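**Student:** Provided herewith is a single structure, encoded as structure tokens, for subsequent inquiry.
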Amino acid sequence: MDADVVVVGAGLAGLRCAQALTEAGRDVVVLEASDVAGGRIRTERIDGFLVDRGFQLLNPAYPAVRRWVDVEALGLQPFGAGVAARTEDGTTVLGHPVREPGLVPGTLRAVARRPKEVAALARWAAPLLRPRRGTSLSHVLASRPDVDRRTALDAAHVDGLLRRVVDRFYAGVLLEDDGSTADRFALLLAWMFAKGVPSLPRNGMAALPAQLAASLGDRVRLGQPVQAVTGTAVTTDAGTWTARHVVVATGAAAAAELTGLAVPATKGVVTMWWAAADAPDTDLLHVDARRAPTGPLVNAAVVSRAAPSYAPAGRHLLQGSALMGAGRDTGEASMRRHAGDLLGTDPTQWEVVVRHEVPDALPAQPAPYDARRPVQVGDLVVCGDHRDTGSIQGALVSGQRAAEALL
């Protein structure tokens with residue numbers, strides 16, 4: 007027998023699973039097909055720029071991150087706690103009143119003209135705004151109707167500019183613009199956004215899985231594509247590994263191929279990264295809140311204003327992200343034009359750094375909301391964000407649950 011447990015996949019779920027098992031004294035081997043740990047979280051260095059594989063952020067408020075990650079060592083660089091919404095009349099900025107006091111006057115002006123919209127939005131978020139003392143967040147969410155986000159917002163009569171801001175913001179977070187995600191998951195994310203500011207590590211998003219992998223040392227074996235699994239054996243191109251238990255910690259598609267397990271559909275994103283000599287002085291996420299958006303982007307940002315380490319001195323890094331799907335225009339020219347429009351600047355001199363297409367960026371999270379799919383599947387253990395919530399939090403928690411199933 008080669009190990010107590012063989013973990014297939016060195017993404018966040020597999021790494022956390024292996025960590026927990028190792029901490030409990032188990033002999034663990036992690037097999038990863040790629041040349042680097044991290045799964046879908048990757049960072050490239052191109053001409054002095056750091057570019058993640060698809061625009062993604064880390065929210066330090068996630069309980070799993072606070073518990074199992076050395077957050078301080080990541081050197082987080084926070085984005086502004088707010089959103090800049092492009093409207094027919096210009097740009098409206100909505101900011102967190104405590105974390106962004108400089109944005110309070112503009113935020114107050116924007117909401118003061120829309121008391122009915124504010125009241126409706128408060129109705130939607132009411133359980134989070136007024137939780138009963140001693141009531142857990144999971145209990146609060148479970149008390150909500152198990153419907154999709156669109157249905158819940160409609161029921162609360164959320165409309166107008168604030169509805170468009172919410173919809174367009176969530177389009178970039180959930181990678182859907184039809185409101186099909188479970189409302190309970192959307193509210194969970196709203197709670198986390200209220201508690202923490204999404205950020206980027208000093209050395210890119212890949213620093214997160216790299217930190218977890220470093221704690222495992224040579225237990226992580228790279229360049230080991232897996233062909234088949236059973237409850238006690240893993241077959242690779244180089245041979246067969248035997249173990250008391252096997253954990254499949256791959257992405258949804260690979261998990262389905264290896265186990266025959268039904269897994270959620272995935273959501274895709276296209277991210278264009280551009281370099282510029284100058285850029286608007288904004289560290290906010292920018293969205294199109296016009297009644298009819300004028301381009302394909304779900305968001306745009308001057309990444310280097312929030313995360314200076316992502317660009318070399320004297321240069322700036324910008325990004326624009328669009329949803330993948332049939333009939334969607336994700337050509338570079340239309341994405342560039344829309345990004346310039348959202349950021350209020352001329353994009354003609356921007357230089358393309360790289361284009362990322364990530365068809366499996368997130369698992370779909372439709373209603374009914376099923377945040378804790380079983381990790382024990384026959385004689386295998388399966389983990390990943392497709393078994394929990396589609397997030398960094400979900401991936402880490404799923405890995406922990408998988409480990410606990412074997413302890």
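Heads up, the working numbering is the position in the sequence shown plus 6, with the first residue counted as 1. Where is the CB? At the ideal position from N, CA and C, for every residue including glycine. Remember, it's a predicted structure, so these values are computed and weren't measured experimentally.
Considering only DSSP beta bridges, list what residue 181 is partnered with.
**Tutor:** Per DSSP, none; premise fails for residue 181.
**Student:** In chain order, what residues of the same chain have a beta carbon less than 6 Å from the beta carbon of residue 122, not counting five sequence neighbours either side?
**Tutor:** Excluding residues within five positions, none has a Cβ falling inside 6 Å.
**Student:** What did DSSP end up calling residue 28 once you bin it into helix, strand or coil?
**Tutor:** DSSP places residue 28 in helix when its eight states are reduced to three.
**Student:** Can you find a heavy atom of the ligand SAH that lies under 6 Å from the Cβ of residue 314?
**Tutor:** For the structure depicted, the ligand SAH is absent and the ligand set is empty, with no information on it obtainable.
**Student:** For residue 121, which of helix, strand or coil comes out of DSSP?
**Tutor:** Three-state DSSP puts residue 121 in a helix.
**Student:** Please classify residue 355 as buried or exposed, where buried requires at least 16 other C-beta atoms within 10 Å of its C-beta.
**Tutor:** By the neighbour-count rule (16 or more Cβ atoms within 10 Å), residue 355 is not buried but exposed.
**Student:** Pairs of beta-carbons, one from the region 166 to 183 and one from the region 281 to 294, closer than 8 Å: are there three or more?
**Tutor:** Contact holds: three or more Cβ-Cβ distances are below 8 Å.
**Student:** I think residue 306 touches residue 349, with their Cβ atoms under 8 Å apart; what is that distance to the nearest whole Å?
**Tutor:** Sure, about 6 Å apart at Cβ, within 8 Å.
**Student:** Apply the 10 Å Cβ neighbour rule to residue 233 and answer buried if 16 or more other Cβ atoms are within range, or exposed otherwise.
**Tutor:** With fewer than 16 other Cβ atoms within 10 Å, it is exposed.
**Student:** In terms of residues, what are the limits of the alpha helix (DSSP H) holding residue 343?
**Tutor:** Run containing residue 343: 338 to 349, per the alpha helix (DSSP H) assignment.
**Student:** Could you say if the region 11 to 19 and the region 241 to 254 meet the contact criterion of at least three C-beta pairs nearer than 8 Å?
**Tutor:** With the cut-off at 8 Å, the region 11 to 19 and the region 241 to 254 touch.
**Student:** If you drop the 5 nearest sequence neighbours on each side, which residues of the same chain put their C-beta closer than 7 Å to that of residue 221?
**Tutor:** Counting only Cβ-Cβ distances below 7 Å, and skipping sequence neighbours, we find 25.
**Student:** Indicate the three-state DSSP secondary structure (helix, strand or coil) for residue 211 in the structure shown.
**Tutor:** Reduced to three states, the DSSP call for residue 211 is coil.
**Student:** Report the rounded CA-to-CA distance for residue 51 versus residue 79, giving the unit in angstroms.
**Tutor:** Distance between the alpha carbons of residue 51 and residue 79 is about 20 Å.
**Student:** Let's see if you can read the secondary structure: which residues bound the beta strand (DSSP E) around residue 279?
**Tutor:** Where residue 279 is concerned, the enclosing beta strand (DSSP E) stretches over 272 to 282.
**Student:** Output the distance between the C-alpha atoms of residue 214 and residue 63, rounded to the nearest integer angstrom.
**Tutor:** So the two alpha carbons sit approximately 11 Å from each other.
**Student:** Pairs of beta-carbons, one from the region 236 to 252 and one from the region 296 to 303, closer than 8 Å: are there three or more?
**Tutor:** With a cut-off of 8 Å, the region 296 to 303 and the region 236 to 252 do not count as touching, because too few Cβ pairs lie within range.
**Student:** Could I get the ranges of all uninterrupted beta strand (DSSP E) runs contained in the region 339 to 408, with 3 residues as the minimum, in chain order?
**Tutor:** Counting only runs of 3 or more, we get 357 to 369, 386 to 388.
**Student:** According to DSSP, is residue 173 helix, strand or coil?
**Tutor:** In the structure shown, residue 173 sits in a helix (DSSP, three-state: H, G or I).
**Student:** Considering just the uninterrupted stretch of the beta strand (DSSP E) at residue 165, what are its terminal residues?
**Tutor:** Segment: none, residue 165 is in no beta strand (DSSP E) and carries neither H nor E.
**Student:** Taking only runs that begin and end inside the region 62 to 96, name each unbroken beta strand (DSSP E) of 3 or more residues, in chain order.
**Tutor:** If we require 3 residues or more, the beta strand (DSSP E) runs fully inside the region 62 to 96 come out as 88 to 93.
**Student:** Looking only at C-alpha atoms, which of 327, 332, 193 sits nearest to residue 340?
**Tutor:** When each option's Cα is compared against that of residue 340, the closest is 327.
**Student:** For residue 47, which beta-bridge partners are listed by DSSP?
**Tutor:** Note: residue 47 sits in no beta bridge, so no partner.
**Student:** Would you tell me roughly how many angstroms separate the C-alpha atoms of residue 159 and residue 130, rounded to the nearest one?
**Tutor:** Straight-line Cα distance between these residues: approximately 6 Å.
**Student:** Is it the case that the region 268 to 279 contacts the region 28 to 36, given that we only count it when at least three CB pairs across the two stretches are under 8 Å?
**Tutor:** Short answer: they don't touch.
**Student:** For residue 278, does the count of other Cβ atoms within 10 angstroms reach 16, so buried, or fall short, so exposed?
**Tutor:** With 16 or more Cβ atoms within 10 Å of its Cβ, residue 278 is classed as buried.
**Student:** Using DSSP with H/G/I as helix, E/B as strand and the rest coil, what is residue 251?
**Tutor:** Here residue 251 sits in strand by DSSP.
**Student:** Looking only at its chain, what residues have a beta carbon closer than 6 Å to the beta carbon of residue 363, apart from the 5 residues adjacent to it on each side?
**Tutor:** Once the five neighbours on either side are set aside, the close Cβ partners of residue 363 are 276.
**Student:** Return the chain-ordered ranges of every beta strand (DSSP E) run that is complete within the region 216 to 246 and spans a minimum of 3 residues.
**Tutor:** With a minimum length of 3 residues, the continuous beta strand (DSSP E) runs that stay inside the region 216 to 246 are 232 to 235, 239 to 242.
**Student:** With H, G and I counted as helix, E and B as strand and the rest as coil, what does DSSP make of residue 153?
**Tutor:** If DSSP states are grouped into helix, strand and coil, residue 153 belongs with coil.
**Student:** Is it buried or exposed for residue 397, if we count other Cβ within 10 angstroms and need 16 for buried?
**Tutor:** By the 10 Å Cβ count, residue 397 comes out buried.
**Student:** Measure how close the beta-carbons of residue 375 and residue 191 come, nearest whole angstrom, since I'm counting them as under 8 Å.
**Tutor:** Correct: roughly 6 Å between the Cβ atoms.
**Student:** Report the rounded CA-to-CA distance for residue 1 versus residue 268, giving the unit in angstroms.
**Tutor:** No answer is possible for residue 1: it lies beyond the span of the chain, which begins at 7 and ends at 413.
**Student:** Could you spell out the range, first to last residue, of the alpha helix (DSSP H) harbouring residue 328?
**Tutor:** Where residue 328 is concerned, there is no enclosing alpha helix (DSSP H), although the beta strand (DSSP E) it sits in stretches over 322 to 329.
**Student:** On the DSSP bridge assignment, give the partners of residue 101 in chain order.
**Tutor:** Looking at the DSSP assignment, residue 101 forms a beta bridge with 88.
**Student:** Measuring CA to CA, which of 27, 87, 86, 387 is closest to residue 266?
**Tutor:** Of 27, 87, 86, 387, the residue nearest in Cα terms is 387.
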